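Peer 1: Residue numbers (the numbering used here): 319 to 427. Cβ atoms here follow ideal geometry from the backbone N, Cα and C, with glycine treated the same way. From a predicted model like this one, the values you see are computed outputs, not experimental measurements. My structure is below; once you've seen it, I'll send some questions.
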């Protein structure tokens, strides 16, 4: 039976199956992603290969009914809220006032 191998997506080096941080680049691991079907889950569910497609596991591995999750997609309503429209004019006004104050201070010297 083949042993599953785990790699850091940031630096591509092999890491231990239950590592929380890559020893090579320091990247924190939140979950494991299958390179074939993109299933994301805990490292324990990948011990015998991907639970969805069986990648890197033995031939007896079958799909276990886990939902396939694309880690790049966010659930509905989980998007980052947009910056309020009033922030940008306020920031611009503060910068202009600071610039004018600096010019006045400079000219009075």
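Which one or two residues does DSSP pair with residue 351 in a beta bridge?
Peer 2: Beta-bridge pairing links residue 351 to 358.
Peer 1: Excluding the 5 residues flanking residue 355 on each side, which residues of the same chain have their C-beta closer than 6 Å to its C-beta?
Peer 2: So the list reads 370, 371, once near-sequence residues are dropped.
Peer 1: Among the residues of its own chain, which have a CB less than 6 Å from the CB of residue 331, if the five just before and after it don't count?
Peer 2: Cβ neighbours of residue 331 beyond the five flanking positions: 342.
Peer 1: Taking the alpha-carbon positions, what's the residue 425 to residue 410 distance?
Peer 2: Roughly 23 Å between the two C-alpha positions.
Peer 1: Straight-line CA distance for residue 344 to residue 374?
Peer 2: Roughly 25 Å separates the two Cα atoms.
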